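Asks:
Protein chains in written order, with my numbering: chain A, 934 to 1141; chain B, 18 to 253.
Given below as structure tokens:
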């Protein structure tokens, strides 16, 4: 059965890689987005120091996304590198009306990670690669007794963490709605509703 | 005027989640082109979606990637063909004689003599000015809204322009150049072309109908805050 995962870790997440490191390095203070925007302007005009300042400010969250999506430090470091090289090349595409610099950078890294995930998934899957993954796949809804299926669906959609877990599957796992449907057995409409609820809940955190 | 009912507010979360069918998606796309309020809401929803990253556990960033980025950037710049249009900052660092050259070019253009320099500096500057003029640069005067000149612009047919300001920006401030299109989806939206703490900058004007200059805090701004004026480019 599709058990609801812990709130901040979907069940499709890669196995834990390494324990979170408590760095002895001082954590750089987060810069306000106006500072990021000013650095983008400088980067457009090839001020290399601006790229370093953006890296210092945003590499932490970028690396975390890479690790979460790709699962190995090697891949994560490569994509972290590619992200900031691409940022330097495409700084002129940043449009403040479409979001913060931080989201611009996260959009780049998310896109690069998705590319890798899709490349991986298009390769033939070896048997041992599937170990641990079978537990995440459910038999399709149609294969189950209709009453059981209805009960499962009702239970799942009532779980508060399910919405969030599905959103994380989509965002970090790179799964399409149809793939989530196939993996969870939930109808497509239910998946879309859960994703929407989860997004609106996150939206409540934003101001205004 | 747009009525509130016309806003596809209910569709925006699904738009961000790519849950809409193609027709609905196109409807929202079309609406967003003309609705700033909905664009802001879409931006907020995107921010919300990406805030998932905020809840990931802290992990120390290894040192390797930054060194690799530096190495990759160095390789790229070494392999890149010599650009006919290096950035202002690079040009100023490599050729510190440029401000003088441009100033001399301006003096030649207006027929005045207020600057005394070394012989070699003058010769270099004159050569540069001649070089620009020989390449068909056209001189335009940069004027404020009330008609006061604040600099000059040499416009070359190859899409490059040299802007020469009459005086240096105040300490802590820079001049920033902006290009604007007169029509199209980005009509009137200023795009940064370059900035300088000195009096000269070389910019690319291709694709714009006018070039303006503003005074900005050091580091520049994303949009002009203290515009000096805008000059229409000759039609090519």
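Positions of the beta carbon are idealized from the N, C-alpha and C atoms, including for glycine. These numbers were taken from a predicted model, which means no experiment stands behind them.
Only counting the same chain, and skipping five residues up and downstream in sequence, which positions put a Cβ closer than 7 Å to that of residue 162 of chain B?
Replies: The residues are 246.
Asks: Kindly say whether residue 60 of chain B, judged by its beta-carbon, lies nearer than 9 Å to any beta-carbon of chain A.
Replies: Closer than 9 Å: yes.
Asks: Check for me: the beta strand (DSSP E) holding residue 178 of chain B runs from which residue to which?
Replies: Run containing residue 178 of chain B: 177-182, per the beta strand (DSSP E) assignment.
Asks: Output yes or no for whether 9 Å exceeds the beta carbon distance between residue 1047 of chain A and residue 995 of chain A.
Replies: Result no, Cβ atoms of residue 1047 of chain A and residue 995 of chain A do not sit closer than 9 Å.
Asks: Identify the continuous beta strand (DSSP E) that holds residue 1040 of chain A and give its terminal residues.
Replies: Residue 1040 of chain A -> not in any beta strand (DSSP E); alpha helix (DSSP H) instead, spanning 1034-1055.
Asks: What did DSSP end up calling residue 227 of chain B once you bin it into helix, strand or coil?
Replies: In the structure shown, residue 227 of chain B sits in a strand (DSSP, three-state: E or B).
Asks: Quick check: the Cα distance between residue 222 of chain B and residue 1055 of chain A, rounded to an integer number of angstroms?
Replies: Approximately 44 Å, taken between the alpha carbons.
Asks: For residue 993 of chain A and chain B, any beta-carbon pair shorter than 9 Å?
Replies: It does: the Cβ of residue 993 of chain A has a partner Cβ on chain B nearer than 9 Å.
Asks: Does any CB atom of chain B fall closer than 9 Å to the CB of residue 1040 of chain A?
Replies: Yes, residue 1040 of chain A lies at the interface with chain B (some Cβ there is under 9 Å from its Cβ).
Asks: Suppose you measure from the CA of residue 971 of chain A to the CA of residue 43 of chain B; what does that come to, to the nearest Å?
Replies: For residue 971 of chain A and residue 43 of chain B, the distance between alpha carbons rounds to 33 Å.
Asks: Measuring alpha carbon to alpha carbon, tell me which residue in B/226, B/195 and B/205 is nearest residue 241 of chain B.
Replies: Taking only the C-alpha atoms, the option nearest residue 241 of chain B is B/195.
Asks: Got a sec: is the Cβ-Cβ distance from residue 1030 of chain A to anything in chain B below 9 Å?
Replies: At least one chain B Cβ lies under 9 Å of residue 1030 of chain A.
Asks: Residues of chain A with CB closer than 7 Å to the CB of residue 64 of chain B, please, in chain order.
Replies: 1032, 1033, 1036 and 1139, listed in chain order.
Asks: Cα separation between residue 104 of chain B and residue 1007 of chain A?
Replies: Confidence in residue 104 of chain B is poor, its pLDDT being 35 and thus under 50, which makes the residue's placement too unreliable to answer from.
Asks: Roughly how many angstroms separate the alpha carbons of residue 1104 of chain A and residue 968 of chain A, rounded to a whole number?
Replies: Computed Cα separation, rounded: 27 Å.
Asks: When the cut-off is 9 Å and only beta carbons count, does residue 256 of chain B lie next to chain A?
Replies: With chain B represented from 18 up to 253, any question about residue 256 of chain B goes unanswered, as that position is not in the structure.
Asks: Which same chain residues end up closer than 8 Å to residue 198 of chain B when comparing Cβ atoms and leaving out the 5 residues on each side of it in sequence?
Replies: Excluding positions up to five away in sequence, the list reads 204, 205, 206, 224, 225 and 226.
Asks: Report the residue ranges of all alpha helix (DSSP H) runs contained in full by the stretch 21-79 of chain B; include only those spanning at least 4 residues, in chain order.
Replies: Counting whole runs of 4 or more residues, the stretch 21-79 of chain B contains the alpha helix (DSSP H) stretches 29-33, 39-51 and 53-67.
Asks: From residue 987 of chain A to residue 235 of chain B, what distance separates their C-alpha atoms?
Replies: Their backbone Cα atoms lie some 17 Å apart in a straight line.
Asks: Compare the beta carbon distance of residue 1132 of chain A and residue 154 of chain B with 9 Å and say whether it is the shorter of the two.
Replies: For residue 1132 of chain A and residue 154 of chain B, no; Cβs fall outside 9 Å.
Asks: List the whole-angstrom C-beta distance separating residue 233 of chain B from residue 190 of chain B, where the pair is believed to meet the contact cut-off of C-beta under 8 Å.
Replies: Confirmed, Cβ separation roughly 7 Å.
Asks: Just to confirm the assignment: which complete alpha helix (DSSP H) runs, minimum length 4, are found wholly within the stretch 970-1013 of chain A?
Replies: List check, alpha helix (DSSP H) in window: 981-1003.
Asks: List, in chain order, every chain A residue whose beta-carbon is nearer than 7 Å to that of residue 232 of chain B.
Replies: Ordered by position in chain A, no residue passes the 7 Å Cβ test against residue 232 of chain B, which lies about 14 Å from the chain.
Asks: Closer than 9 Å between beta carbons: that is the criterion. Which residues of the stretch 24-35 of chain B meet it against chain A?
Replies: Answer set for the stretch 24-35 of chain B: 30, 31, 33, 34 and 35.
Asks: Counting beta carbon pairs with one atom in the stretch 1005-1019 of chain A and one in the stretch 71-86 of chain B, are three or more of them shorter than 8 Å?
Replies: Touching, yes.
Asks: Determine whether the beta carbon atoms of residue 1043 of chain A and residue 67 of chain B lie at a separation below 9 Å.
Replies: Cβ atoms of residue 1043 of chain A and residue 67 of chain B: closer than 9 Å.
Asks: So with CB distances below 9 Å, who are the chain B contacts of residue 1054 of chain A?
Replies: Here the premise fails: no neighbours, minimum Cβ distance about 18 Å.
Asks: So who's on the other strand from residue 1027 of chain A, going by DSSP bridges?
Replies: According to DSSP, residue 1027 of chain A bridges with nothing at all.
Asks: Quick one: using the 10 Å Cβ neighbour count with 16 as the cut-off for buried, is residue 896 of chain A buried or exposed?
Replies: Given a span of 934 to 1141 for chain A in the structure shown, any question on residue 896 of chain A remains unanswerable.
Asks: At a Cβ cut of 8 Å, what residues of the stretch 1091-1105 of chain A count as close to chain B, listed as they run along the chain?
Replies: Listed by position along the chain: 1100, 1101, 1103, 1104 and 1105.
Asks: Could you check which residue in B/156, B/158, B/230 and B/160 has the C-alpha nearest to that of residue 209 of chain B?
Replies: It is B/230.
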